[in-house]
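Data first, discussion second: the structure below is written as structure tokens.
There are 2 protein chains.
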Amino acid sequence: MIATEMDLKPNLNAQSEVPLYRQLSEHFKILIDTGLVDRGERLPATRELAGQLGLNRTTVSAAYELLEEEGYISGQVGRGSFVTGGGGRDAGLNWDSVLSAPQVAMRPSVVPGPLISFATSRPSEKLFPLDKFRASCEDVLGSADLASILQLGSPGGYEPLRQYLLDEARTEGVAGPGDDVMITNGCQQALDLIRRVLVRPGDRVGLEDPVYPGLKNLFLQAGADLCGVPVGAEGIDLERLQRVRPKLLMVTPNFQNPTGATIPLESRKSILRMSRDSGTVVVENDMYGSLRYEGKAQPTLKALDTTGDTILLRSFSKISFPGLRVGWVVGPKTFISRMLEAKQLSDLHTDQFSQAVLLRFAQSGRLEAHQANMLVAGAERLLAVRAACELYLPQGARFSRPQGGMNLWITLPEPLDSADLLPRAQRAGVTYLPGRFFAVSEPHAGGLRLSFAGLDPKQIEEGVRLLGHLFSEELDAHTGFDHRPAPAMV
Amino acid sequence: MIATEMDLKPNLNAQSEVPLYRQLSEHFKILIDTGLVDRGERLPATRELAGQLGLNRTTVSAAYELLEEEGYISGQVGRGSFVTGGGGRDAGLNWDSVLSAPQVAMRPSVVPGPLISFATSRPSEKLFPLDKFRASCEDVLGSADLASILQLGSPGGYEPLRQYLLDEARTEGVAGPGDDVMITNGCQQALDLIRRVLVRPGDRVGLEDPVYPGLKNLFLQAGADLCGVPVGAEGIDLERLQRVRPKLLMVTPNFQNPTGATIPLESRKSILRMSRDSGTVVVENDMYGSLRYEGKAQPTLKALDTTGDTILLRSFSKISFPGLRVGWVVGPKTFISRMLEAKQLSDLHTDQFSQAVLLRFAQSGRLEAHQANMLVAGAERLLAVRAACELYLPQGARFSRPQGGMNLWITLPEPLDSADLLPRAQRAGVTYLPGRFFAVSEPHAGGLRLSFAGLDPKQIEEGVRLLGHLFSEELDAHTGFDHRPAPAMV
């Protein structure tokens with residue numbers, strides 16, 4: 003017999019980062035694995051179960067599809083879905099018990115259809131200088147070194163690129179005599195390698211709060227003791243940092259992801275002083291540093307650090323082609339030599355052809371020319387998103403004022419929850435990442451990130467207009483007041 | 003005062019995988035960090051210390067250079083080397099205490115100069131079809147998809163390539179309806195991701211013994227309980243496997259690295275049966291499978307496995323261009339979905355341009371044409387290395403008879419130790435990797451790997467001739483007999 007309606011009633015949480023259909027499929031998997039639902043039983047029809055649980059029918063269908071994909075059930079046209087067994091195959095492994103703990107879901111599901119997407123912090127591909135890329139490829143294809151570029155390389159990276167980046171870092175004053183450079187597959191791999199060589203379970207790691215989820219999830223999986231340090235308009239809260247005294251501090255002084263905040267010079271110095279006092283290893287993520295559209299650049303922590311201990315991360319991803327995974331790390335030689343061991347075990351070395359192409363792209367001046375274009379385009383987009391926020395966000399909503407980078411952070415007034423509102427936003431034709439995805443110690447329920455760099459100014463205006471309208475409506479419904487923004491005075 | 007000679011006397015081990023100069027520098031670091039040697043003290047002159055310790059003077063110099071690089075000492079011309087402090091910079095971090103446990107050294111140091119190198123299992127770059135590579139690049143550069151290829155991708159890989167490999171795996175019968183495919187940065191990253199999702203500290207992992215060190219070191223760092231399963235001419239020892247009952251078994255059925263051994267059909271079936279009984283996850287490394295130069299191909303474990311649980315690893319590295327890091331994994335969907343989470347945290351996704359180029363390389367038939375050439379060249383090299391081993395190795399030495407792949411394994415008669423002989427071999431102009439590098443549970447002191455694929459037949463003959471001469475001489479010195487091989491009878 004199929005389990006009763008009571009047994010089936012899952013404990014679903016619409017607030018969770020895990021989408022409902024996935025929660026539902028997990029629930030069924032447990033019922034099947036534990037034998038509460040037997041092999042051969044028919045599951046309720048999607049319409050029926052959706053009615054019972056008060057869910058959208060597509061949610062139930064998606065859960066059933068997942069169960070079918072994973073071999074738990076099998077659908078027969080006109081007859082319904084039948085339980086075929088836990089894990090699907092006779093006498094095979096129980097994968098759920100074999101696999102280590104699952105990762106938290108990384109991103110919300112996105113409804114299909116054309117959307118204005120503020121969800122991804124990446125440059126617009128319309129801005130890619132394809133001819134300059136082709137020319138750089140041709141240079142490498144015509145080079146006498148082509149065969150050796152295609153041969154097995156070394157963990158530190160393609161040596162001419164590594165040397166170029168080291169020279170550049172020395173010229174800029176971010177690499178001292180005790181420093182070395184290594185290449186990674188973008189910034190994400192640098193973070194992962196740092197986790198390997200520096201973080202043991204229980205180690206206290208200070209993270210900006212809110213923070214990029216790919217960073218949080220990485221350290222969470224490593225069993226680190228994560229301490230969120232709140233990020234305000236002027237970067238991380240120094241008083242909180244003083245109390246946290248982490249073993250490792252991950253900090254993004256320029257145009258932080260997701261808030262867009264930049265840390266002023268004096269605070270940079272304070273961070274270094276505090277970290278020195280507490281024996282904290284400082285990792286400076288400078289992904290966005292060269293994308294400053296206005297205001298004056300501040301020196302990096304790495305350049306300010308007289309001990310030379312700061313680790314600096316940079317990448318070509320945001321300033322050229324994200325599909326080529328090439329970043330680099332500047333840090334003390336002892337540290338880099340341990341990182342190289344981790345890199346070798348991780349994937350031997352980074353793709354050499356892309357390294358060689360990016361070296362040509364940089365050496366030929368094409369990168370510089372492209373960056374100049376990126377700065378013009380970025381400035382337009384930044385103006386557009388700020389203007390649209392001023393114009394369309396409801397009274398009570400706040401938003402950050404980045405001077406560069408790719409992200410702006412909105413804080414909605416209570417009781418609005420950006421995760422709850424996301425499905426409606428998507429139906430209206432816009433998507434974003436809700437604050438909860440970036441949460442470390444605080445929930446950031448009212449926060450949301452607008453990644454504006456991948457859109458053109460018109461899309462930005464239209465997207466923010468739609469969001470502003472939705473947020474105002476929702477706020478009105480909660481309070482009975484009219485929250486539409488007053489007409490701009492200027 | 004400088005510590006006395008007794009204090010300084012380090013406990014050096016010439017048998018260790020860690021080079022002597024590095025052992026010596028570690029010894030000094032401890033003396034400096036613990037204060038046994040004070041800041042400002044002068045270290046003994048290299049000549050003096052070399053004499054005291056019975057070391058080569060260059061070993062001592064190399065140790066001092068490393069200490070200087072890492073900021074422990076500072077050399078002044080004509081005055082000697084002075085201790086500047088632990089970690090080098092005032093009030094900075096003590097990196098040695100901050101970093102997690104160091105990795106074992108991966109490779110022996112190689113003396114500079116032109117060498118016939120049997121040390122790396124990779125194809126010869128002389129065989130790279132550069133024109134075919136260029137043509138594949140041009141196809142991608144001219145494609146309408148170029149901008150999206152250069153944009154941020156997805157963790158599973160460049161979708162057209164992923165789909166191509168999945169279709170191919172289905173056609174070949176290695177992917178069933180419950181399987182999926184994902185792209186990795188070559189095979190090494192697949193191993194690393196598998197470690198992440200399947201291995202917890204203390205888990206028993208069965209490895210071939212001897213085995214590729216990049217595999218052993220990876221699981222060693224993860225705190226796994228490594229159990230070596232001896233590899234003979236017909237692959238792993240089934241009786242031993244029966245007793246080991248690992249959680250995870252890593253196995254290379256075709257042309258295993260380092261032995262070149264291939265597992266016969268019946269043993270493949272037995273491995274699957276045993277693994278099913280013991281609930282073992284089987285990972286089949288099939289890096290070399292398509293490089294069969296003679297004999298009949300056997301079906302993969304994955305194709306034979308009726309449960310569908312086997313995980314299959316393949317790569318473009320050995321069959322095309324190792325400098326492009328593109329491999330793939332075929333496995334059950336539940337497993338692959340967890341692998342994708344690990345991949346995303348690891349480095350977001352694999353380089354997309356290289357994936358697109360390799361897809362064109364395969365789709366255009368260029369890969370197939372190149373593989374045909376590789377098989378002809380490989381067969382010549384295999385014949386050359388086998389013939390040279392017959393001709394030049396001393397009596398009492400044994401060697402494997404691979405039918406494909408890139409590696410052949412020699413076992414020298416006792417008491418010869420291939421690690422001890424390596425410096426002499428390098429002085430004679432040849433290098434290889436000694437058996438100890440591949441050891442899991444047995445030392446393999448007399449073993450050594452000849453990676454023959456990167457050399458041409460003449461170099462192979464000359465290299466084996468030099469080695470044979472050296473080994474014969476050494477054996478004569480030990481026994482007083484003449485071990486030169488008898489002239490060939492055919």
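Residue numbers (this note's numbering), protein chains in the order written: chain S, 3 to 492; chain B, 3 to 492.
Even glycine gets a Cβ: it sits at the ideal position worked out from N, Cα and C.
Given residue i, which residues of its chain have a CB within under 7 Å of its CB, disregarding the five upstream and five downstream residues?
| i | result |
| --- | --- |
| S/L217 | L193, L209, M252 |
| S/L22 | L14, A16, L57, T61 |
| S/R242 | V231, P232 |
| B/P248 | R206, V207, G208, C229, T282 |
| B/L472 | L423, R426, A427, A430 |
| S/W411 | P260, T261, G262, F401, S402, G449, R451 |
| B/L195 | T186, M341, A344, K345, S348 |
Counting only C-beta atoms, is residue i closer than 8 Å to chain B at any point?
| i | result |
| --- | --- |
| S/S272 | no |
| S/E210 | no |
| S/I151 | yes |
| S/V283 | yes |
| S/L154 | yes |
| S/W330 | no |
| S/Q354 | yes |
| S/P324 | yes |
| S/D141 | no |
| S/D311 | yes |
| S/R91 | Because S/R91 carries a pLDDT of 49, less than 50, the predicted location of this residue cannot be relied on, and the following value inherits that uncertainty. S/R91 counts as touching chain B. |
| S/R172 | no |
| S/L132 | yes |
Going by beta carbon distance, what residues of the same chain come within less than 6 Å of residue i, once the five residues before and after it are set aside?
| i | result |
| --- | --- |
| B/T48 | R59, V62, S63 |
| S/A226 | V201, D205, V207 |
| S/F318 | V328, L360 |
| B/M289 | C189, S317, K320 |
| S/A421 | P436, R438 |
| B/L369 | F363 |
Residue range of the alpha helix (DSSP H) that residue i falls in?
| i | result |
| --- | --- |
| S/T481 | 459-481 |
| S/D227 | Not the alpha helix (DSSP H): S/D227 falls in the beta strand (DSSP E), residues 227-234. |
| S/G216 | 215-223 |
| B/T60 | 59-71 |
| B/R172 | 161-174 |
| B/D239 | It is not in any alpha helix (DSSP H) - B/D239 carries neither H nor E in the DSSP assignment. |
Can you tell me where the beta strand (DSSP E) with residue i in it begins and where it stops?
| i | result |
| --- | --- |
| B/E286 | 283-287 |
| S/N409 | 409-413 |
| B/C85 | A small fix is needed here, since residue 85 of chain B is Val in this sequence, not Cys. Per DSSP, B/V85 belongs to the beta strand (DSSP E) from 82-85. |
| S/Q186 | The amino acid at residue 186 of chain S is misidentified as Gln; the sequence shows Thr. Segment 181-186, the beta strand (DSSP E) holding S/T186. |
With DSSP as the reference, identify every bridge partner of residue i, one or two as the case may be.
| i | result |
| --- | --- |
| B/P436 | B/L450 |
| B/T309 | The partner list for B/T309 (beta bridge, DSSP) is empty, contrary to what the question assumes. |
| B/L251 | B/G208, B/V284 |
| S/P316 | Note that residue 316 of chain S is Arg in the sequence shown here, rather than Pro. S/W330. |
Any Cβ of chain S within less than 8 Å of the Cβ of residue i?
| i | result |
| --- | --- |
| B/D35 | no |
| B/R124 | yes |
| B/S119 | no |
| B/K460 | no |
| B/S348 | yes |
| B/D288 | no |
| B/W97 | yes |
| B/P12 | no |
| B/R451 | no |
| B/T336 | yes |
| B/S280 | no |
| B/L243 | no |
| B/F257 | no |
*Any chance the region 378-398 of chain S sits against the region 339-356 of chain S, with 3 or more Cβ pairs inside 8 Å?*
In this structure the region 378-398 of chain S does not lie against the region 339-356 of chain S, because fewer than three pairs of beta carbons, one per stretch, are closer than 8 Å.
*Do the region 129-141 of chain S and the region 333-341 of chain S touch if we need at least three Cβ pairs shorter than 8 Å?*
Segments in contact, no.
*How about the region 260-276 of chain S and the region 171-190 of chain S: do they share at least three Cβ pairs that are nearer than 8 Å?*
These segments do not touch.
*Pairing CB atoms from the region 452-468 of chain B with CB atoms from the region 140-148 of chain B, are three or more of them under 8 Å?*
With contact defined as three or more Cβ pairs closer than 8 Å, the region 452-468 of chain B and the region 140-148 of chain B are not in contact.
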